[in-house]
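The numbering of the sequence shown is this note's numbering, which starts it at 1 and goes up by one.
Here a beta-carbon is modelled for each residue, glycine too, at the ideal position from N, C-alpha and C.
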Amino acid sequence: MSLKRQEYDSIKDDIVFLTKSFFRIRILISLFNKPATVKELQEEIDLNYPSVLSNINKLELKGYVIKKQEKYHLKSSTRIKLVNILALNSNINFLEEYEDFFNEHDVKSFSEEAFEELPVFNNVELIKADKINPFKATDTYRKSMTRLGHVNAICSYLHPECKRIISSVMEQETGLNLMVHKDVAKYITNCAMNYTQKNDIKNQYFDIKYLEYEPKIAMVISDEEMVISLHRIEGVIDKNACLISKDRAAINWAYSLFKEFESESKQEYISMKQLILDKLENSDKDIKITTEDTIEN
């Protein structure tokens, strides 16, 4: 990431001027919704007429607004700048609210693009294990992974209820794409080969892709929510805390991050569903499918 002095000066001038006055921002937000006269702005913002006139004149002089038949309009570039300033403010508030969480965790897994595209997070909840429920975070992760519909997940550790997850995924209308470290992939494959069918198989697909390195992140993205856990600064995955959000922008952002990890692996997805079906079909035959047949050493 780099920034030239000229670019910095331009950013600084815009942000300093527009955010120096709360009422200046209020005027821009009002004009963002619809053009207005000075009188209309005065009534909406509840500011005296001379102050509104002074601020709107400064905005016009700086080229942020234009006047057409007594009404002031935002320029297109100003609309974009305003959206980004408000988004920046919202994300700073979000990061401040969860400052302790982020300071305790490793965020190097996030690419520069992921930080650049960080959306305005709404309705984010920090789930933390406690004495009453020490498995609160891992339970949240499991429940999200076994939701109905299409699910994408990265698992950087061996979930203690791996076998239960496989049973749930196979016996309900779920489609799961899962990325894991190679060693975890071998264990999941072994669990799949020892799967015992208790109910009808309704699974749409259950595919895993293995990574040669251990991802420093665990995340689940479904149609309804995103759940994310990070490695602690000490280097181990934090199984006691995760962030969860049902906000569409957060879900889309998490999905983009998932696709970044997906593109880093040269391996093809391996169908656990097909492996299980083959195993069940051959259960009465003297045929053995080994982990080595599926995952390369």
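Residue i in three-state terms, based on DSSP
| i | result |
| --- | --- |
| Thr138 | helix |
| Thr174 | strand |
| Asp163 | Going by the sequence as given, residue 163 is Lys instead of Asp. Three-state DSSP puts Lys163 in a helix. |
| Tyr205 | strand |
| Arg24 | helix |
| Glu125 | strand |
| Leu47 | coil |
| Leu243 | strand |
| Lys279 | helix |
| Glu152 | A quick correction: the sequence has Asn, not Glu, at residue 152. If DSSP states are grouped into helix, strand and coil, Asn152 belongs with the strands. |
| Ser265 | coil |
| Leu74 | strand |
| Lys67 | strand |
| Arg248 | helix |
| Ile221 | strand |
| Ser54 | helix |
| Ser229 | strand |
| Tyr255 | helix |
| Leu169 | It is worth fixing the name first, because residue 169 is Val in this sequence and not Leu. Val169 falls in the helix class under three-state DSSP. |
| Leu41 | helix |
Residue of the options minimising C-alpha distance to residue i
| i | options | result |
| --- | --- | --- |
| Lys202 | Ile188, Thr146, Glu224 | Thr146 |
| Ile244 | Gln204, Val236, Ala254 | Ala254 |
| Phe261 | Ala218, Val236, Glu234 | Ala218 |
| Glu234 | Asp106, Phe94, Arg24 | Asp106 |
| Phe135 | Lys239, Leu257, Ser21 | Lys239 |
| Gln267 | Glu212, Lys273, Glu44 | Glu212 |
| Leu74 | Asn91, Leu61, Phe32 | Phe32 |
| Phe115 | Met272, Ser271, Leu257, Tyr269 | Leu257 |
| Val184 | Arg164, Ala192, Ser156 | Ser156 |
| Pro35 | Asp14, Lys186, Gly149, Lys68 | Lys68 |
| Ser265 | Asp14, Ser30, Ile208, Ile92 | Ile208 |
| Asn55 | Ser76, Glu44, Val83, Phe22 | Phe22 |
| Cys242 | Ile127, Ala87, Ser76, Ser109 | Ile127 |
| Asn123 | Asn133, Lys143, Lys108, Phe94 | Phe94 |
| Leu88 | Val38, Tyr64, Thr19 | Thr19 |
| Ile228 | Asn282, Phe102, Gln274, Glu281 | Phe102 |
| Met193 | Leu28, Tyr72, Lys273 | Lys273 |
| Val236 | Ser30, Glu104, Lys131, Cys162 | Glu104 |
| Val169 | Tyr187, Lys186, Asn199 | Asn199 |
| Ile154 | Lys131, Ser263, Ile132 | Ser263 |
Whether residue i touches residue j by CB criterion (8 Å)
| i | j | result |
| --- | --- | --- |
| Ile276 | Tyr195 | yes |
| Thr138 | His159 | yes |
| His181 | Tyr210 | yes |
| Ile251 | Ile221 | yes |
| Ile45 | Arg26 | yes |
| Val52 | Val65 | no |
Rounded separation between residue i and residue j - CA only
| i | j | result |
| --- | --- | --- |
| Gln42 | Thr78 | 20 Å |
| Lys81 | Val16 | 12 Å |
| Glu40 | Glu70 | 11 Å |
| Met1 | Ala129 | Annotation note: pLDDT 49 at Met1 (below 50); position unreliable, no value reported. |
| Glu224 | Tyr49 | 47 Å |
| Thr140 | Glu125 | 12 Å |
| Leu61 | His150 | 52 Å |
| Glu97 | Asp278 | 50 Å |
| Asp100 | Ile92 | 14 Å |
| Asp13 | Ser90 | 20 Å |
| Gln172 | Ile166 | 10 Å |
| Ser111 | Pro215 | 13 Å |
| Lys246 | Leu28 | 29 Å |
| Glu113 | Asn152 | 20 Å |
| Glu161 | Lys143 | 11 Å |
| Glu281 | Leu148 | 26 Å |
| Lys186 | Arg248 | 33 Å |
Query raised in the report: Do the region 199-219 and the region 166-178 touch if we need at least three Cβ pairs shorter than 8 Å?
Result: These segments touch.
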